[in-house]
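Student:
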Amino acid sequence: MRHSQRATRGKSARMSAYRYSAIALLLIAASGCASSQSSSPNVDLRAEEGGTTVAQATAKGLRGAERVGFILDKMTTAEKLGQLNQMAGGRQIALNSRITDAERDRVRTGGVGSYLHVAGAEFLGDLQHVAVEDSRNGIPLLFAMDVVHGYRTIFPVPLGIAATFDVDDAELAARVAAVEASAAGLHWTFAPMVDIARDARWGRIVEGAGEEPFLGSAMARAQVHGYQVEDLKRPDTIIATAKHFGAYGAGTGGRDYDSADISERTLMDVYLPPFRAAAEEGAASFMVAFNDIGGVPTTANKALVNGLLRGQWDYDGLIVSDWNSVPELLNHGVAETRSEAGALALLASVDMEMTSGIYAADMLEAVEASPALEAALDAATKRVLMAKDRLGLFDAPYAYHDPAREAAAMLTPDHRAAARHVAERSMVLLRNDAGMLPLKPQPGKVAVIGALAGDARSMIGSWKAQGREEDVVTVVEALRKRLGEEFVVYEPGAGTRDVADPAAIAKAVAAAEAADVVLLITGEDYNMSGEARSRSDIGLPVPQKALAEAILATGKPVVTVLMTGRPLDISPLDSDDASILLAWFPGVEAGPAIINVLFGDAVPAGRLPASFPRRSGQSPYFIGHNPTGRPADADLSKDSARYMDIPITPAYAFGHGLSYATFEYTNLRLSSDTLAPDDTVSIGVDITNTSMTNADEVVQLYTRDPVAQVARPQQELRGFARVHIDAGKTKHVTFTLRPEQFAYFAPSARFEADAGRIDFAIGAGAADIRLAGSFQVTGHVIADGPAAAIATPVSISEE
Ligand code: NOJ
Numbered sequence: 000m001r002h003s004q005r006a007t008r009g010k011s012a013r014m015s016a017y018r019y020s021a022i023a024l025l026l027i028a029a030s031g032c033a034s035s036q037s038s039s040p041n042v043d044l045r046a047e048e049g050g051t052t053v054a055q056a057t058a059k060g061l062r063g064a065e066r067v068g069f070i071l072d073k074m075t076t077a078e079k080l081g082q083l084n085q086m087a088g089g090r091q092i093a094l095n096s097r098i099t100d101a102e103r104d105r106v107r108t109g110g111v112g113s114y115l116h117v118a119g120a121e122f123l124g125d126l127q128h129v130a131v132e133d134s135r136n137g138i139p140l141l142f143a144m145d146v147v148h149g150y151r152t153i154f155p156v157p158l159g160i161a162a163t164f165d166v167d168d169a170e171l172a173a174r175v176a177a178v179e180a181s182a183a184g185l186h187w188t189f190a191p192m193v194d195i196a197r198d199a200r201w202g203r204i205v206e207g208a209g210e211e212p213f214l215g216s217a218m219a220r221a222q223v224h225g226y227q228v229e230d231l232k233r234p235d236t237i238i239a240t241a242k243h244f245g246a247y248g249a250g251t252g253g254r255d256y257d258s259a260d261i262s263e264r265t266l267m268d269v270y271l272p273p274f275r276a277a278a279e280e281g282a283a284s285f286m287v288a289f290n291d292i293g294g295v296p297t298t299a300n301k302a303l304v305n306g307l308l309r310g311q312w313d314y315d316g317l318i319v320s321d322w323n324s325v326p327e328l329l330n331h332g333v334a335e336t337r338s339e340a341g342a343l344a345l346l347a348s349v350d351m352e353m354t355s356g357i358y359a360a361d362m363l364e365a366v367e368a369s370p371a372l373e374a375a376l377d378a379a380t381k382r383v384l385m386a387k388d389r390l391g392l393f394d395a396p397y398a399y400h401d402p403a404r405e406a407a408a409m410l411t412p413d414h415r416a417a418a419r420h421v422a423e424r425s426m427v428l429l430r431n432d433a434g435m436l437p438l439k440p441q442p443g444k445v446a447v448i449g450a451l452a453g454d455a456r457s458m459i460g461s462w463k464a465q466g467r468e469e470d471v472v473t474v475v476e477a478l479r480k481r482l483g484e485e486f487v488v489y490e491p492g493a494g495t496r497d498v499a500d501p502a503a504i505a506k507a508v509a510a511a512e513a514a515d516v517v518l519l520i521t522g523e524d525y526n527m528s529g530e531a532r533s534r535s536d537i538g539l540p541v542p543q544k545a546l547a548e549a550i551l552a553t554g555k556p557v558v559t560v561l562m563t564g565r566p567l568d569i570s571p572l573d574s575d576d577a578s579i580l581l582a583w584f585p586g587v588e589a590g591p592a593i594i595n596v597l598f599g600d601a602v603p604a605g606r607l608p609a610s611f612p613r614r615s616g617q618s619p620y621f622i623g624h625n626p627t628g629r630p631a632d633a634d635l636s637k638d639s640a641r642y643m644d645i646p647i648t649p650a651y652a653f654g655h656g657l658s659y660a661t662f663e664y665t666n667l668r669l670s671s672d673t674l675a676p677d678d679t680v681s682i683g684v685d686i687t688n689t690s691m692t693n694a695d696e697v698v699q700l701y702t703r704d705p706v707a708q709v710a711r712p713q714q715e716l717r718g719f720a721r722v723h724i725d726a727g728k729t730k731h732v733t734f735t736l737r738p739e740q741f742a743y744f745a746p747s748a749r750f751e752a753d754a755g756r757i758d759f760a761i762g763a764g765a766a767d768i769r770l771a772g773s774f775q776v777t778g779h780v781i782a783d784g785p786a787a788a789i790a791t792p793v794s795i796s797e798e
């Protein structure tokens, strides 16, 4: 995308302070590449021509695309294929372990363009020296890692970050991650994951922003900005990757890697908007998904990747395959040989191939025999080189390799404070029926029950990058620190996943009975969501359920803290007098953040980015469902689109989240009853904090097009604002919309908004609507992209 469109962000002074301190502080801061030229380091050749190819280009005063063009002209086919080759330099749990002497030789011969699963300023600096000084062309390497919710300072998992409903929080988490990762020698993260996830059985729901494309688009923009800050030449920025392009989240049955058999309309209106938003924000890289859409694996989807992304969207960034997804085209049954698979991917304009080495090892002959492949190879190599140029690596190849900067950057007090801040804001108060929360400052003796309460590993979630268990403050530790050892008893009661042990449960029950208050910390552990972690039953794990039932049966006052990476069926916890705080996997500051929220030092205002179904069998459940000819009806005597055995609503709908404060919505104002093409309409509302507690409210705007050429979703998020309102005070919140925001992928295969009525509703959640109205769009509009990718400006003013 060559233009950029920034989201409107309500920046509070508090957030700016966090961002400023975080940034200011750290600103100081194969074998298979056979070719005639690949067998020797080419030192002599370099000397003859006056230095490496990069040095020659630079000496000629060439910069940017001109320098890249010069380098490209001098490269052999094998060297070009080498640039497209991304190898695993280690494993997630053993970084750098595969960087052997043979690997260094591969670098010398130009057989590799990038490594992933590597880290360390000094280690990678040494490797960079090999590329820059010992190879014929002197092209620097790109070092990459999955830095998803923090590098060393681990923030809440992405679904938790999305639950903040605050783009500043998402940006802050990405910024801190970039500061640390770049200091550790990394140029490139495989984040943000912007896949829409509507089926909670899919384990990777934890990595994204949930079910609604408008929220997903906002979070995508914010994270891209946090990683890249519109200036990749700054040594504390890293390339962001919008992944996994296509419809990875739509796998059948919520199974990872599985086929997405979805309509083109759903693809365009639901799954692609966050990618569009990321591209508009300038995400310098995209990753294609493992899975197929209607039989076409995205890794080989020429129409979608080359046609739509490169062509219609004008995206000129670096596209990387997923791990082994090119050879997996054989498993999909769309290629017979490795070189055929490579050709399909290259022609789809997948520039860099992750880990299998197929481009470098199997494509030389095919490319030499095919002008089309040769052209695709040149284009791909150019994009890889341009990515290196955008990072400034041709001029400053060692800018990311300063060990002193690395030592100073990790887990600073500012970074910890930022992680705690975002964690507190990510928490969602699901219910507080008996008003048990916030806890009294001196609640008496507290029994902390549940293995997750002391499980440091689970606190940091599945993508932990360089997060360490010893950095984590657990719930038990934080509570002991706050109340004193003598007031806290800890009983794990049951393992997180194994079979329930009646003796351990009995001990936990005894501890609960002897306490004044019980904190039950339950849910899934970190390893039950994430990649390849799909579950058919998204209830509480068996021992957790047994433990919860035994503890709740004591009749003691119980506050439940739910840890999870996905929406769960929490019916065993959902009694009428329950108090349930959803904490996700909160990161290194998990304990203090949870305790601060429980005691009211921080007032919860997180909201659900994905609906919680009542039962596993209700998945997928999402608010953006189309109405049917027989819409779901609470009355079972009518034949309608519902299950017989559960109510038609979810347990907790998208956008749900309570507070310790109460808010009143009044004075709905519409700037006009009509919205003409090229015009805007503003919807304003007053929000009053009617309680004695200063708190945030998340004001949400939903819209619906009641009559269109095709059925339109029952609810679509089109605006949100997390607003801090002091007790007794009122704030005015105004959303401004334009007609393109009601466009949809019409039968004409264009994005059209019809003339006619638009209904809107404002509230504190999709199922908590306070005010509603409508206006008329007066003319037909053709939009140039998906509606959900368009940001809605919000203005907030005081009384
Ligand atoms: C596979 C995952 O699908 C992708 O998200 C990740 O970036 C790569 N592995 C690299 O670890």
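Just so we're aligned, residue 0 is where the sequence shown starts under numbering that gives the first Met the number 0, counting upward by one.
The beta carbon of each residue, even a glycine, is placed where N, CA and C say it ideally should be.
These numbers come from a predicted model, not from an experiment.
Which of the three DSSP states is assigned to Val53 in this structure?
Tutor: Helix, per DSSP.
Student: Along the chain, where does the alpha helix (DSSP H) that runs through Asp133 open and close?
Tutor: Ala120 to Asp133 is the extent of the alpha helix (DSSP H) around Asp133.
Student: Quick one: is Ser642 buried, meaning 16 or more other Cβ sit within 10 Å of its Cβ, or exposed?
Tutor: Before going further, note that residue 642 is Tyr rather than Ser in the sequence given. Flag for Tyr642 reads exposed.
Student: Quick check: does the Cβ of Leu115 come within less than 7 Å of any heavy atom belonging to ligand 1?
Tutor: yes
Student: Helix or strand or just coil, what does DSSP make of His243?
Tutor: strand
Student: CA-CA distance, Ala371 and Gly68?
Tutor: 19 Å
Student: Nearer than 7 Å: is that true of the beta carbon of His186 relative to any heavy atom of ligand 1?
Tutor: no
Student: Which residues bound the beta strand (DSSP E) around Ser216?
Tutor: From DSSP, Ser216 is part of no beta strand (DSSP E) but of the alpha helix (DSSP H) over Pro212 to Gln227.
Student: Could you check whether the Cβ of Trp201 sits closer than 7 Å to any heavy atom belonging to ligand 1?
Tutor: Placement of the Cβ of Trp201 at a distance of 7 Å or more from every heavy atom of ligand 1 is found.
Student: Keeping to the same chain, check which residues put their C-beta closer than 6 Å to that of Val516; ignore five residues upstream and five downstream.
Tutor: Pro442, Val445 and Pro556
Student: Using 7 Å as the cut-off, classify the Cβ of Met878 as near or not near the heavy atoms of ligand 1, replying yes or no.
Tutor: Residue 878 lies beyond the range of the chain shown here (0 to 798); nothing can be said about it.
Student: Skipping 5 residues on each side, what residues in its chain have a beta carbon closer than 7 Å to that of Asn595?
Tutor: Around Asn595: Glu423 and Ala601.
Student: Is there at least one non-hydrogen atom of ligand 1 closer than 7 Å to the beta-carbon of His414?
Tutor: no
Student: How far does the alpha helix (DSSP H) with Lys387 in it reach, from first residue to last?
Tutor: Pro370 to Arg389
Student: Taking 8 Å as the threshold (C-beta atoms), are Tyr651 and Asp268 in contact?
Tutor: The answer is no: Cβ separation not under 8 Å.
Student: Could you spell out the range, first to last residue, of the beta strand (DSSP E) harbouring Met74?
Tutor: Segment: none, Met74 is in no beta strand (DSSP E) and carries neither H nor E.
Student: Label Gly137 either buried or exposed according to how many other C-beta atoms from any shown protein chain fall within 10 Å of its C-beta, with 16 as the threshold for buried.
Tutor: buried
Student: Once DSSP output is grouped into helix, strand and coil, what is the label at Asn290?
Tutor: coil
Student: How many whole angstroms separate the CB atoms of His224 and Glu280, which I take to be in contact at a CB cut-off of 8 Å?
Tutor: 6 Å
Student: As a quick check of your reading: which residues have a C-beta less than 5 Å from at least one non-hydrogen atom of ligand 1, in chain order?
Tutor: Asp145, Phe189, Asp321 and Trp322
Student: For Asp725, is the classification buried or exposed, using 16 other Cβ atoms within 10 angstroms of its Cβ as the cut-off for buried?
Tutor: exposed
Student: How many angstroms separate the CA atom of Leu451 from the CA atom of Val106?
Tutor: 44 Å
Student: Between the alpha carbons of Leu438 and Gly250, how many angstroms are there, rounded?
Tutor: 42 Å
Student: In this structure, how does DSSP classify Ala842 when only helix, strand and coil are distinguished?
Tutor: Any answer about residue 842 is impossible in this case: the structure gives the chain only from 0 up to 798.
Student: Tell me, please, whether the segment 728–746 touches the segment 667–683 by the rule of three or more beta-carbon pairs shorter than 8 Å.
Tutor: yes
Student: Can you tell me whether His779 is buried or exposed, with buried defined as 16 or more other CB within 10 angstroms of its CB?
Tutor: exposed
Student: Going by CA-CA distance only, name the one from Arg668, Ser794, Leu317 and Ala379 that's closest to Ala143.
Tutor: Leu317
Student: Name, in chain order, the residues that DSSP records as bridge partners for Gly522.
Tutor: Met562
Student: On the DSSP bridge assignment, give the partners of Leu700 in chain order.
Tutor: Gly718 and Ile761
Student: Can you give me the start and stop residues for the alpha helix (DSSP H) that Gly590 sits inside?
Tutor: Ala589 to Leu597
Student: Examine the Cβ distances between the segment 149–162 and the segment 120–135 and report whether three or more of them are shorter than 8 Å.
Tutor: Pairwise C-beta distances place the segment 149–162 out of contact with the segment 120–135, as fewer than three of them are shorter than 8 Å.
Student: Skipping 5 residues on each side, what residues in its chain have a beta carbon closer than 8 Å to that of Glu367?
Tutor: Cβ neighbours of Glu367 beyond the five flanking positions: Thr76 and Glu373.
Student: By Cβ distance below 7 Å, which residues in the same chain neighbour His804 in space, the five residues on each side in sequence not counted?
Tutor: For residue 804 there is no data in the structure shown, the boundaries of the chain being 0 and 798.
Student: Under 8 Å by Cβ, that's how I've got Trp583 and Ala162 pegged, so tell me the actual separation to the nearest angstrom.
Tutor: 7 Å
Student: With distances taken Cα to Cα, identify the nearest neighbour of Arg496 among Lys544, Gln775 and Asp72.
Tutor: Lys544
Student: Residues bridged to Asn431 by DSSP?
Tutor: Per DSSP, Ser578.
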